[in-house]
Amino acid sequence: MKTIKEINEKIKKGQVVVITAKEAVQLVRKKGAKKASQEVDVVTTGTFGPMCSSAAYFNIGHCKPRIKIGGGSCDLNEVPCYTGFAAVDILLGATALPEDDPRNKVFPGEFKYGGAHVIHELVAGKDVKLEAYAYGTDCYPRKEIKTFINLKDINEAVLFNIRNCYQNYNVAVNLSDKTIYTYMGMLKPKIGNANYCSAGELSPLLKDPNYRTIGIGTKIFLGGGVGYVSWQGTQHNPIAKRLPNGITCVPAGTLAVIGDLKKMRPKWLVGVSMLGYGVSLAVGIGVPIPVLDEQVMASAGVPDDEIFASIVDYSKNYPNMIAESLGQISYADLESGKINIRGKDVLTGNLSSRLRALQIAEELKSWIKKGDFALSESVAPLPDKDSGYTCRALKEKPFK
Amino acid sequence: MVSRKIVLHFPKTLVEQPIVYKLVKEFNLQFNILKASVMPNQEGLMVLELVGSKEDFDKAISYLKACGVKTQPLSQDVVRDENKCTHCGVCVSVCPVGALVKDPKDNRVNFDNKKCIACELCVKICPPRAMEVSF
Ligand code: SF4
Ligand code: SF4
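Chains A and B supply the protein sequences, listed in that same order.
According to my numbering, the first sequence holds residues 1 to 400 in order.
According to my numbering, the second sequence holds residues 401 to 535 in order.
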């Protein structure tokens, strides 16, 4: 048994033993969880994939004369922001699109540029065009502003994601006989390919399946900088189906996270375009897991071949909310590049970069080893599998 | 003798006709199928390398046009912007010829330009748009 305080003492003294989740898999396999838990203090996880519920908010500073953008309109590089705050606070969502983007008018739409791309450019240090219109008041008389802004000159710039870091996800296939375009990528007809989106044995919530160490207040690697878990993510569903090893085999828990955008790096916040679907932001997240005891180590050491995802049809079942799985498949099989579904060999594609997930786990490991990153105690737990907390569908009450 | 790579687009109505057979039989061309995706009742696409005399080659192209097959020389080249690729691997399940393959050892997605037949599928679906057509 170890406490986070004891681990932080070791970090301070430069005596901490940190390994990545990939190394944890090998160590537990070789020595067992008990022995491994005595040797190791921290396991670092990582994930890098499209996370659509990402946003950034900014306080751009007051101009002379003053303008109240709140209740008016505001674009950044022609992508509309949310302005329902006070005078110069704005929020930009990752999936927002310029008004004149053709969307899916010519199907499948390309979605070349949106909020996520603006966030990437800001983090890369580029000047971005801000254009805002207001109705004017006695205290805020100005009605229009057009100016370049740069991340380094504005007051606050904060990345705020209300849902990401999914604990497991679907394997998407297409049972119909025409190609479909989804947020899981292009799916060829008649199970022509199978796309998935998880870092598997490196993924944070899959390595702490009952949220024993990850909670509200947990300090994390976020977008190349430092962030915190601010709440459970939206659609958090801890009671989702679990296999006998305690690991969910469907999308389950999620995190809401927050961090200083000014300290993040463009490599870890990348705007992406999903053909026929829209824009999203690929976000890099890494969570350290303090090895408090043997049980924590055992979970952190679970390998790809013991983590399973469910295969879901995105032509009919997914859009119509029909909860039907075509079977389960392990991440070891998915990572092999080819799986067999209904007697057919199918190529697999991951939307989530394993290479980058591992780079994140390695980088977080080096921060902790160098003493630059101490672990935080969580201040409140995430709702767990016994909490009764769940994700419900909408009960419509239509009106005319 | 000439050797050319061409892309053939077959409309639905022609998919079941023995067109390639005729190219061999009547125009003395040798061919190499670089790629074929021809399904009954759907549009077909075929990439051929044709070898033969210049005269026969030109006649064959006119014959194809007359049949209603669209032809286009395979001259584009698809390249990858290494700074943009995140090595996610979603292109791997889409590429019809295995020119984009993930190496399980280091999790990198490798692009083999020699195998690529410039179908441009990856160009459209790559999320950070790392695959580009260069002329
Ligand atoms: S889809 Fe694009 S970013 Fe992903 S591996 Fe392929 S080329 Fe790289
Ligand atoms: S263009 Fe892309 S998808 Fe098409 S063959 Fe080349 S690498 Fe494969």
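Every residue, glycine too, gets a C-beta built ideally from N, C-alpha and C.
Values in this document were obtained by computation on a predicted structure and should not be read as measured data.
Counting only Cβ-Cβ distances below 8 Å, residue 504 (chain B) has contacts in chain A at 335, 336, 337, in chain order. The beta carbon of residue 47 (chain A) sits no closer than 7 Å to any heavy atom of ligand 1.
Taking 8 Å as the Cβ-Cβ cut-off, the stretch 193-204 of chain A approaches chain B at 193, 194, 195, given in chain order. For residue 407 (chain B), the closest Cβ of chain A is not nearer than 8 Å. DSSP places residue 488 (chain B) outside any beta strand (DSSP E), giving it a letter other than H or E. Under a criterion of Cβ atoms nearer than 8 Å, the residues of chain A adjacent to residue 491 (chain B) are, in order, 349.
For residue 494 (chain B), the CB falls within less than 7 Å of some heavy atom of ligand 2. Inclusion of residue 489 (chain B) in the 7 Å shell around ligand 1 follows from its C-beta lying nearer than that to a non-hydrogen atom of the ligand. Within the model, the alpha-carbon separation for residue 29 (chain A) versus residue 527 (chain B) is close to 35 Å. Between the C-alpha atoms of residue 90 (chain A) and residue 496 (chain B) there is a straight-line separation of about 44 Å. Sequence-distant Cβ neighbours of residue 529 (chain B) in its own chain, meaning closer than 7 Å and more than five residues away, are 484. DSSP places residue 162 (chain A) in no alpha helix (DSSP H) but in the uninterrupted beta strand (DSSP E) bounded by 157-164. In this chain, residue 152 (chain A) is not harboured by any alpha helix (DSSP H), its DSSP state being neither H nor E. DSSP, reduced to helix, strand and coil, places residue 210 (chain A) outside both helices and strands of the structure shown, so it counts as coil. Three or more Cβ pairs drawn from the stretch 371-389 of chain A and the stretch 232-241 of chain A lie within less than 8 Å of each other, which places the two stretches in contact. At the C-beta level, residue 279 (chain A) and residue 97 (chain A) come within 8 Å of one another. In the DSSP annotation of this structure, residue 199 (chain A) is not part of any beta strand (DSSP E), being labelled neither H nor E.
Listed along chain B, the residues sitting closer than 9 Å to residue 48 (chain A) by beta-carbon distance are 486, 488.
With contacts defined as CB atoms closer than 8 Å, residue 22 (chain A) and residue 361 (chain A) qualify as a contacting pair. Per DSSP, the continuous beta strand (DSSP E) segment holding residue 452 (chain B) begins and ends at 444-452. For residue 109 (chain A), there are no C-beta contacts with chain B under 7 Å, since the nearest C-beta of that chain is about 11 Å from it. Taking 8 Å as the cut-off, the Cβ atoms of residue 300 (chain A) and residue 289 (chain A) count as close.
At least one heavy atom of ligand 1 falls within 7 Å of the beta-carbon of residue 528 (chain B). Taking one beta carbon from each stretch, the stretch 162-172 of chain A and the stretch 251-262 of chain A have 3 or more pairs nearer than 8 Å; the two touch.
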